[in-house]
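In the working numbering, the protein residues as written are 767 to 854. Virtual Cβ for every residue (Gly too), placed ideally from N, Cα, C. Only one structure is covered here, and it is reproduced in the block below.
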């Protein structure tokens, strides 16, 4: 997958974590605990995806998280982020 697709996966993970957090606030008992745990799992998974896969396909440097929504090219080497990483 391309880095831009991984960024979309991370965004979806953050949205799911936010949803689980809001649901956990409204519930009581065991359901609240389960939703809280799911929220934590989605958050942790999102950060792992960003740390491992949010990299430039050419220079392999970790891309910045700030303002990444409109990023189409690597700020370090200007490579397109819409192509898969090259095989080594």
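Based on the DSSP output, what are the partners of residue 828 in its beta bridges?
Answer is 821, bridged to residue 828.
When we look at the beta-carbon of residue 850 and count the other beta-carbons within 10 Å, is it buried (16 or more) or exposed?
Taking every protein chain shown into account, the CB of residue 850 has fewer than 16 other CB atoms within 10 angstroms, so this residue is exposed.
Using 8 Å as the cut-off, can you tell me whether the region 830 to 847 makes contact with the region 795 to 811, which would need three or more C-beta pairs spanning the two stretches below that distance?
no
Can you list, in chain order, the residues of its chain whose CB lies under 8 Å from that of residue 811, leaving out five sequence neighbours each side?
779
Going by DSSP, which residues form a beta bridge with residue 846?
839
Buried versus exposed, by CB contacts within 10 Å (16 or more), residue 793
exposed
Through-space distance from residue 823 to residue 796, alpha-carbon basis:
43 Å
Please report the straight-line C-alpha distance between residue 807 and residue 784, rounded to a whole angstrom.
C-alpha separation (whole angstroms): 11 Å.
Among 820, 771 and 787, nearest to residue 809 - alpha-carbon criterion:
787
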